[in-house]
Amino acid sequence: MIDTDAAADLDDAQREAVEHHGGALVVAAGAGTGKTRTLTARVARLVDSGVAPEQILLLTFTRRVAAAMTSRAAALCENPSVTQRMWSGTFHAVAHRIVAEHTQHLGLEDVTVLDPGDVTDLLDLLREERGLSGTEHRLPTSQTLADICSRAVNTGVPTRQVMAEQFPWCLDHADRINDLLKAYVARKRARGLLDFDDLLIYWRALLADPIVGDRLRARWDWVLVDEYQDVNQIQVDIVRLLRPDGEGLTVVGDDAQAVYGFRGATSEHLLRLREDLPGSTLVRLERNFRSSQQILDLANVVRPGALRLDLSADRGGCGPRPVHVQCANSDDEAREVADAVLAAHQEGLDLRDQAVLFRTGTHSNQLEIELRVRGIPFHKYGGIGYLETAHVRDLIAAFRVSLNPGDEISWYRLLTRHRALGKVSARTLSARLVEGADHHDVVSEAPAKARTALARTLELIRTASSTRVPALMVEACQQAVEPLLRQHYVDWSRRAADVEGVAQAASRQRDLRSFIAEATIDPTSVAGDWGKKPHLDEDYLVLSTIHSAKGLEWSAVHLLRATDGAMPSDMALTSKEGLEEEQRLFYVATTRARDTLRIYSPMRLPVHPTSMSSRHVLAKPSRFLTAPALRTMDAVASAGVLAQPVASGAAASKQAAPMIAVPDLGDLFG
DNA sequence: GTCTGCGCTTTTTTT
DNA sequence: AAGCGCAGAC
């Protein structure tokens, strides 16, 4: 639906934000207070008053939000070209664009972005090189090392201190870890490879340069930042370098919705901005246009934070109170959710108006099974996308070495897919390829059993690199990779379609480089292109982590696993900050709902979160469901709880089950 | 050096 | 339940 008259729909506070002139503008916007509408209207107002769209930079948290905002802004100012001309995207996406423009200033041949998987691969490689891979040293996983590194970089805190505060079990190995991370940075730099953090670091470096920085600053007169409570120190530096005195800067945020502390973000940055920029103006948005007052009554009890926004519903009338559903176990919880979703659907609520939210990806396992059994279509956000699956990354590795022969980690990946090439050969051979060694020489250095296949691969990669036509390049890479994967993966038939789909999407691109970069930086932004995601006209239920649900809303919301250990996650309980962040997550989850909110607490859960085994342990309802919170809710017991008030279901059914003699088939093998 | 099968540890959230 | 390292066979 298109807003034809935006100004008429704005309330006083929103209008003040839209029309603001002069110094920095800080908008403290509670959940559902029309933050998107306000930002959009402000952009439209700027354009209508004569600002060129390319002078506006809109930084949002996900590309989904960026796209929604630009198109809404375009609709508001009757100028569809705004969509193309305005700068908008995530910090990382914009950084990539800027860095790619300035490769020569940065001494880079090309911009190759390492995805998180590449980072751990590279760390594994270095660990191997330095003989630190055995269990003798028992270093933490490369994943953990990457987290330590990223956190240090993003907060400007030394790794040793990061370990002491966040990863105490790593302190024993602090020296070796630091050596490894130093080697990691050196190797990255030597090969011209950038990880996600580097994109921001390089952008900041460009802005800090006297000449390039001035040119970049001159590019945007207006900088708008969404979800400012989720920025980290590097991002703050970038914003401050873009608008040093705050002139032309608009920042929107809500400290109660800060949920990216694990990435080095602090809502302190939002709160401190007003002190750093004394001329700034604060506008508070507290009128909620989303939820019923009944839902807000709970949200206001749950809401933490220093901004003390108290939300009041703009909507008239009243809706049902939030419901607390006590379930017997996670299967019971899954059934209960499916029942409620279907019931609402039968009353006319589309599946797309309902969502199921949870703390971690695995919490929806049982539900996914239940939904499949019942034939309820759904789409899960926030899990591992298939762009991150091994076979798709193999194909992308072929693209990458074709574009950049210095991409050591992609060579390594590609080589290990060959039969008879293991870690050791792959390591030496990929180093040779990076040096630019002749392909024939490299083949002759490979183990005899691998030579034929390797010669073929290198020939096809050479073909790929020699063309600039994406379709031809993709075809050569696909030919190179397919036979390798066919013999490498036992379940190739299951994976083939993905590789085919990615290849097709890639061959349609005008610029393969930017396609790869986009797929790396934000897989979800391109995932829709090749049909894994349901079409928009289909009706499907959304399953999402709370993190991925940020900024979105649904008529009906189901919140899974509101138990201690899951929500708050017991991983977060080691620190006060961790627990506070969990509470903000809980707040974010409750405020996604417009009309109905159901919160589920299973009383028994599997011992290990990822296992479906029958071993269960008792779980307590979430500590966030305090007495005042529960007073705003209705309590309900699930069918499963009512059906078996006393006996343990598993034990009872085991006893009741008849023993069936299993025939031994020995006579078949005599 | 590589491959296969077995026993061992997993800690969550995302650009 | 799955992914990783290890031991042993080739």
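According to my numbering, the first sequence is numbered sequentially starting from 1313. A virtual CB, placed ideally from N, CA and C, is assigned to each residue, including glycine.
Item                                                                                                                                                                                     : Value
How is the beta strand (DSSP E) around Gln1638 delimited, first residue to last?                                                                                                         : 1635-1641
Please determine if the region 1883-1896 and the region 1863-1873 are in contact, where contact requires at least 3 C-beta pairs separated by less than 8 Å.                             : no
For Ala1378, which residues in the same chain have their Cβ closer than 6 Å to its Cβ, ignoring the five residues on either side in sequence?                                            : Thr1372, Ser1400, Gly1401
So, Ile1721 versus Ala1831, is the Cβ gap smaller than 9 Å?                                                                                                                              : no
What three-state label does DSSP hand Phe1936 in the structure shown?                                                                                                                    : coil
Of the residues Thr1578, Arg1647, Asp1459, which one's Cα is nearest the Cα of Cys1482?                                                                                                  : Asp1459
According to DSSP, is Asp1719 part of a helix, a strand, or is it coil?                                                                                                                  : coil
Would you identify the three-state DSSP class for Thr1902, choosing helix, strand or coil?                                                                                               : helix
When the Cβ atoms of the region 1578-1591 are set against those of the region 1345-1365, are three or more pairs found closer than 8 Å?                                                  : no
Which class does Thr1886 belong to by DSSP, given the choice of helix, strand or coil?                                                                                                   : coil
Please work out which residues of its chain come closer than 7 Å, Cβ to Cβ, to Arg1763, disregarding the five sequence neighbours upstream and downstream, and give them in chain order. : Val1755
Return the CA-CA distance between Leu1561 and Pro1590, expressed in angstroms with no decimal places.                                                                                    : 13 Å
Rounded C-beta distance between Leu1426 and Tyr1514? I'm assuming under 8 Å.                                                                                                             : At roughly 13 Å, the Cβ-Cβ gap does not stay under 8 Å, so Leu1426 and Tyr1514 are not in contact.
Using the Cα positions of Asp1521 and Asp1588, report the straight-line distance between them to the nearest angstrom.                                                                   : 22 Å
So, are the CB atoms of Leu1987 and Leu1519 less than 9 Å apart?                                                                                                                         : With the chain represented from 1313 up to 1982, any question about residue 1987 goes unanswered, as that position is not in the structure.
If I'm right that Arg1596 touches Asp1626 with Cβ under 8 Å, what's the distance once you round it to whole angstroms?                                                                   : Not really, about 15 Å apart at Cβ, beyond 8 Å.
Kindly give me the distance between the Cβ atoms of Gly1429 and Arg1615, rounded to whole angstroms, as I take these residues to be in contact under 8 Å.                                : Between Arg1615 and Gly1429 the Cβ distance is about 37 Å, and since that is not below 8 Å, they are no contact.
For Gly1813, which of helix, strand or coil comes out of DSSP?                                                                                                                           : helix
Per DSSP, Ala1951 is paired with what?                                                                                                                                                   : Partner(s): none; Ala1951 has no beta bridge.
Rounding to the nearest angstrom, what Cα-Cα distance links Leu1871 and Arg1806 in this structure?                                                                                       : 32 Å
With DSSP as the reference, label Pro1689 as helix, strand or coil.                                                                                                                      : coil
At what residue ranges does the region 1644-1683 contain a whole run of the beta strand (DSSP E), taking only runs of 3 or more?                                                         : 1666-1670
Is the CB-CB distance between Ala1905 and His1675 below 9 Å?                                                                                                                             : no
Give the DSSP bridge partners of Asp1946, in chain order.                                                                                                                                : Val1635
Are there 16 or more other CB atoms within 10 angstroms of the CB of Cys1389, so buried, or fewer, so exposed?                                                                           : buried
State the beta-bridge partners of Cys1930 as determined by DSSP.                                                                                                                         : Note that residue 1930 is Leu in the sequence shown here, rather than Cys. Arg1916, per the DSSP bridge assignment.
My output table needs one value for Lys1844: the three-state DSSP class, helix, strand or coil.                                                                                          : Here Lys1844 scores only 45 on pLDDT, less than 50, and its place in the model is too uncertain to base an answer on.
How far does the beta strand (DSSP E) with Ala1868 in it reach, from first residue to last?                                                                                              : 1866-1871
By the three-class DSSP mapping on this structure, what secondary structure does Ile1911 have?                                                                                           : strand
What residue range does the beta strand (DSSP E) around Arg1820 cover?                                                                                                                   : Unbroken run through Arg1820: none, as it is neither H nor E.
I'd like to confirm the pairing. Which residues does DSSP put opposite Ser1856 in its beta bridges?                                                                                      : Leu1669, Tyr1693
What span of residues does the alpha helix (DSSP H) with Val1781 cover, start to end?                                                                                                    : Element bounds for Val1781: n/a, residue is neither H nor E.
Starting from the Cα of Leu1528, find the closest Cα among Ser1603, Ala1498, Val1411 and give me that residue.                                                                           : Val1411
Thinking Val1571 and Tyr1540 are a contact (beta carbons under 8 Å), I'd like their distance in whole angstroms, please.                                                                 : Actually they do not touch by this definition, with Cβ atoms about 13 Å apart.
Given that a residue counts as buried once 16 or more other Cβ atoms are within 10 Å of its Cβ, and exposed if not, what is Ala1959?                                                     : Because Ala1959 carries a pLDDT of 44, less than 50, the predicted location of this residue cannot be relied on, and no value is offered for it.
Going by C-alpha distance, which of Arg1516, Gly1346, Ser1778, Thr1857 is nearest His1404?                                                                                               : Arg1516
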